[in-house]
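By our numbering, the letter at position 307 of the sequence shown is numbered 304, and the numbering carries on one by one without gaps.
Don't be surprised by glycine CBs; every beta carbon is placed ideally from N, CA and C.
First the structure, in the form of structure tokens, and then the observations on it.
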Amino acid sequence: MADATSRIAAEINFDRQGRQSGYLRAPLSRNTSGWGIVEIPIVVVKNGSGPTILFTGGIHGDEYEGPIALSELARTLDPDKVQGRVIIMPAVNIPAVLNDTRLSPVDNRDMNRCFPGNPKGTFSEMLAHYLDAVILPMVDVSVDLHTAGHSGDSIPSTNMHHVADPAGMARTLAAAEAFGAPYNVVFGGVDEGATLTSSVERRGILSLGTELGGWGRVNIEGVRIARRGVRRIMAHLGITGDMPSDSDPKTRHMQVGDRAHYAFSPYAGTFEPCNLVGQTVRAGDPAGFLHFVEDVDRDPIEVTYKRDGILWMSAGPGRVARGDTVAVVMNDYSAKEE
Ligand code: CA
């Protein structure tokens, strides 16, 4: 078993009252700097007594709405208005954020497939281990802000897994409603065992994620929902005072069922999508057409939806590889199907 001691040093004291801003210092030996470090921004605000909430953004480096909203929260949250502790990490995977890529340029890993991590593993594994072993034991609620990055687009939404304990399920659904995205998606995912969410859930911590846009650009509505949502969920948990009264967002609970709700590209090609996220789609209708522009006589292939529903995610890049997800369809949430 790996040594459980993290190699990452925090210059802040998580138990101190008040606001602290600074960096986690992660060692990164490189050709030009044997004792080099990578600085990961962190703000901790602690006051009185109450739950600890963790906000993370930038686990994937090409997702912008979370880091924008969380940097703002980190700069502006008034410690006197807090009861409990707020840990804000707007750009967790800072090498990937600065590189504008999903994967870390340090080790070419998707950090959100490295949990629970390893303190002596690759850089991404070391970061994942720090979150899992050092941060999460302090945390009651985790809100991890994502988008679909360059790999797709998503209708702004929160998301969560099915929680086995009915009380935990109800608590998570209520937290999603408080966050107030137009949709909340209950789903199992395609490859979820090594995500931050899986680590959070293994520890019995309330876990909420988001998908607030994608396509390699900043989604205006996604930023607005993130800004509002992080404030609203703190109020919901009693960490800050009254719920902001400037809006009363309604959240529609959705779910993604079996694998037939995902459409995968059968070949490499140029993918022409037929729908925008949020649109209603029908089984048998085209999700898009795969074009082979390099092949003068070859007709395009139709990629069809296999389920009725609302389009949660669509393809991002024009060029897709065989096996890429080009559509994810969601349906209204039904507790009976759990
Ligand atoms: Ca993501």
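| said: What would DSSP say about A257, mapped onto helix, strand or coil? | reply: The residue labelled residue 257 in the question sits at position 260 within the sequence shown. When DSSP states are grouped into helix, strand and coil, A257 belongs to the helix group.
| task | Flag R110 as yes when its Cβ comes closer than 8 Å to any non-hydrogen atom of ligand 1, and as no otherwise. | result | Within the sequence shown, residue 110 is the residue found at index 113, counting from 1. No, the beta carbon of R110 sits no closer than 8 Å to any heavy atom of ligand 1.
| query | Mapping DSSP to helix, strand and coil, what is F286? | reply | For the purposes of this step, residue 286 is taken as the residue at position 289 of the sequence shown. It is a strand residue.
| said: On the DSSP bridge list, what partners appear for K78? | reply: On the sequence shown, residue 78 is found 81 positions in, with the first residue counted as 1. K78 pairs with nothing; no bridge assigned.
| request: Could you pull the start and end residues of the alpha helix (DSSP H) that M310 belongs to? | output: By one-based count along the sequence shown, residue 310 stands at place 313. Boundaries around M310 are those of the beta strand (DSSP E), G306 to A312, since no alpha helix (DSSP H) includes it.
| task | Taking all protein chains shown into account, decide if W212 is buried (16 or more other Cβ within 10 angstroms of its Cβ) or exposed. | result | The count along the sequence shown starts at 1 and reaches residue 212 at position 215. So W212 counts as buried.
| Just how far apart, CA to CA, sit G266 and V197? | Sequence index remark: in the sequence shown, residue 266 carries index 269 (1-based). Sequence index remark: in the sequence shown, residue 197 carries index 200 (1-based). Computed Cα separation, rounded: 37 Å.
| field | Beta carbon nearer than 5 Å to a non-hydrogen atom of ligand 1 | value | Near ligand 1, residues with a Cβ at less than 5 Å from any of the ligand's heavy atoms are H57 and H143; the list follows chain order.
| field | Reference M166; option with closest CA among G177, P102, G149 and V182 | value | As a position in the sequence shown, residue 166 is number 169, starting the count at 1. Nearest to M166 by C-alpha distance, out of G177, P102, G149 and V182, is V182.
| task | List the whole-angstrom C-beta distance separating P116 from T192, where the pair is believed to meet the contact cut-off of C-beta under 8 Å. | result | For this step, residue 116 is matched to residue 119 along the sequence shown. For this step, residue 192 is matched to residue 195 along the sequence shown. Their Cβ separation, rounded to whole angstroms, is 19 Å, which puts P116 and T192 out of contact at 8 Å.
| field | Beta-bridge pairing of I298 - partner residues as DSSP gives them | value | To locate residue 298, count along the sequence shown from 1; it is residue 301. Under DSSP, I298 takes part in a beta bridge, and its partners are L287.
| task | Have a look at R200 and T194 and give me their C-alpha separation to the nearest angstrom. | result | Stepping through the sequence shown from its first residue, residue 200 is reached at position 203. Stepping through the sequence shown from its first residue, residue 194 is reached at position 197. Using only the alpha carbons, I get a separation of about 10 Å.
| task | Could you check if I386 is buried or exposed, using at least 16 other CB atoms within 10 Å of its CB as the buried criterion? | result | The question about residue 386 has no answer here: the residues shown for the chain are numbered -2 through 335.
| task | Report buried or exposed for K43, applying the criterion of at least 16 other Cβ atoms within 10 angstroms of its Cβ. | result | Residue numbering aside, residue 43 sits at position 46 when the sequence shown is read from its first letter. Buried, since its Cβ has 16 or more Cβ neighbours within 10 Å.
| For A171, the three-state DSSP class (helix, strand or coil) | Looking up residue 171 in the sequence shown gives position 174. Helix, per DSSP.
| field | For T73, three-class secondary structure by DSSP | value | Translated into positions along the sequence shown, residue 73 becomes position 76. DSSP places T73 in helix when its eight states are reduced to three.
| Delimiting residues of the alpha helix (DSSP H) encompassing T207 | The residue given as residue 207 occupies position 210 in the sequence shown. Looking at the DSSP string, T207 is not in any alpha helix (DSSP H); the run it does join, the beta strand (DSSP E), is L203 to E208.
| message | Can you check which of these residues, L25, A312 and L308, is closest to R279 by C-alpha distance? | response | Locating residue 279 in the sequence shown gives position 282, counting from the first residue. Checked all of L25, A312 and L308; the closest Cα to R279 is L308.
| Alpha carbon of H258 to alpha carbon of V89, nearest angstrom | To locate residue 258, count along the sequence shown from 1; it is residue 261. To locate residue 89, count along the sequence shown from 1; it is residue 92. Here the alpha carbons of V89 and H258 stand approximately 31 Å from one another.
| message | Just to confirm my understanding: we take P48, look at its own chain, exclude 5 residues before and 5 after, and list those with CB closer than 8 Å. What are they? | response | Within the sequence shown, numbered from 1, the residue matching residue 48 stands at position 51. G81, R82, D137, V138, L234, G235 and I236, listed in sequence order.
| request: Would you be able to state if there are at least three C-beta pairs under 8 Å between the region 49 to 67 and the region 90 to 103? | output: Two segments are said to touch when three or more pairs of C-beta atoms, one from each, lie closer than 8 Å; by this definition the region 90 to 103 touches the region 49 to 67.
| Rounded to a whole number of angstroms, what is the C-alpha to C-alpha distance between G347 and S262? | Since the first and last residues shown for the chain are -2 and 335, residue 347 lies out of range.
| query | Taking the Cβ atom as the reference point for each residue, do F289 and P283 lie within a distance shorter than 9 Å? | reply | Translated into the one-based positions of the sequence shown, residue 289 becomes position 292. Translated into the one-based positions of the sequence shown, residue 283 becomes position 286. Cβ distance not < 9 Å, so F289 and P283 don't count as in contact.
| Quick one: Cα of R304 to Cα of V131, how far? | For the purposes of this step, residue 304 is identified with residue 307 of the sequence shown, where counting begins at 1. For the purposes of this step, residue 131 is identified with residue 134 of the sequence shown, where counting begins at 1. Straight-line Cα distance between these residues: approximately 42 Å.
| With a CB to CB cut of under 8 Å and the five nearest residues on each side skipped, what residues in its chain are close to L133? | In the sequence shown, counting from the first residue as 1, residue 133 sits at position 136. Here the set comprises L51, S139, S196, V197, R200 and I202.
| query | Apart from the five residues on each side of it in sequence, which residues of its chain come closer than 6 Å, Cβ to Cβ, to T53? | reply | Counting from 1 along the sequence shown, the entry for residue 53 is found at position 56. Taking C-beta separations shorter than 6 Å and ignoring five residues to either side along the sequence, the partners of T53 in its chain run M86, V89 and D141, following chain order.
| From D0 to N109, what does the alpha carbon distance come to, in whole angstroms? | As a first step, residue 0 is located in the sequence shown; it is residue number 3 there, counting from the start. As a first step, residue 109 is located in the sequence shown; it is residue number 112 there, counting from the start. Note that D0 scores 47 on pLDDT, short of 50, meaning its location in the model is unreliable; the coordinates nonetheless yield the value given after this. Distance between the alpha carbons of D0 and N109: 21 Å.
| field | Distance, R16 Cα to S30 Cα | value | Against the sequence shown, residue 30 aligns to sequence position 33. Against the sequence shown, residue 16 aligns to sequence position 19. The straight-line gap from Cα to Cα measures roughly 32 Å.
| query | Does the distance from the CB of P179 to the CB of P241 come in under 9 Å? | reply | By one-based count along the sequence shown, residue 179 stands at place 182. By one-based count along the sequence shown, residue 241 stands at place 244. No, Cβ-Cβ distance for P179 and P241 is not below 9 Å.
| field | P163, DSSP secondary structure in three states | value | Reading the sequence shown from its first residue, position 166 is the one you call residue 163. Here P163 sits in helix by DSSP.
| request: Would you mind sorting H159 into buried or exposed? The rule is 16 or more other CB atoms within 10 Å of its CB. | output: Translated into the one-based positions of the sequence shown, residue 159 becomes position 162. Exposed.
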